[in-house]
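Reading through the structure tokens given below for one structure.
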Amino acid sequence: MKEELIEILFQYREAFASDNEPLGAIKGHEVDIMLNVERPYPPLLRRPAYPASPRAREALESHINELMKLGVLRKVGHNEEVEVTTPVIITWHNDKSRMVGDFRALDSYTVPDRYPIPIIHETLTQLSKAKFITSMDALKGFHQNVLTPHARKLLRIIAHC
840 MKEELIEILF
850 QYREAFASDN
860 EPLGAIKGHE
870 VDIMLNVERP
880 YPPLLRRPAY
890 PASPRAREAL
900 ESHINELMKL
910 GVLRKVGHNE
920 EVEVTTPVII
930 TWHNDKSRMV
940 GDFRALDSYT
950 VPDRYPIPII
960 HETLTQLSKA
970 KFITSMDALK
980 GFHQNVLTPH
990 ARKLLRIIAH
1000 C
């Protein structure tokens, strides 16, 4: 059984990425964001960058460059209209940095996404019949969601770096 599992993993090895490899994308579904306001959007949604210390600016630049290299972020063109911007900050945990967007303004205009949450008892019952249970962390899994062009415009970030 172990050999079969290894063979399957090897057969589909292109599904696995490591650091600094191009990210894959979830196929067949695009994520959109619905707002409860029409264009032109309220000025509140075009937020300025937050001030940042030199250390935070360096970390922001590093995170942004990494996401650009992975194809997750791109610079907005000079001729593109920008109606919505979200400031990002750096948080620190055990001397490791993490880039975080302050989406509170956008959230206040977002129509909630309604979807059923799985019933834990049913999920555990299904898992009880499994021969293998694996847990795999998707590399930057959140960034593997494909966004609609509309959602891309709403999720633009702004930073000093």
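Final position of the sequence shown in my numbering is 1000; the numbers increase by one with none missing. Just so it is clear, CB atoms sit at the ideal spot from N, CA and C, and this is done for glycine as well.
Asked: Could you check what DSSP says for L986 in three-state terms: helix, strand or coil?; Found: strand
Asked: I need the DSSP call for H932, collapsed to helix, strand or coil.; Found: strand
Asked: Can you tell me where the alpha helix (DSSP H) with P879 in it begins and where it stops?; Found: Counting along the chain, P879 falls outside any alpha helix (DSSP H), and DSSP gives it neither H nor E.
Asked: Which first and last residues belong to the alpha helix (DSSP H) in which I845 is found?; Found: 841 to 850
Asked: Buried or exposed for H868, please, with buried defined as at least 16 other CB atoms from any protein chain shown within 10 angstroms of its CB.; Found: exposed
Asked: Provide the residue(s) that pair with T924 in DSSP beta bridges, ordered along the chain.; Found: R885
Asked: Excluding the five sequence neighbours on either side, which residues of its own chain have a C-beta within less than 6 Å of the C-beta of P926, listed in chain order?; Found: R886, A888, Y889, D941, I997
Asked: Just list the residues that DSSP pairs G940 with in beta bridges.; Found: V927
Asked: Considering only the alpha carbon of each residue, which of V876, E853, F849, K841 lies closest to V950?; Found: V876
Asked: If you reduce the DSSP assignment to three classes, tell me which class I997 lands in.; Found: strand
Asked: Determine the burial state of H960: buried for a count of at least 16 other Cβ atoms within 10 Å of its Cβ, exposed for fewer.; Found: exposed
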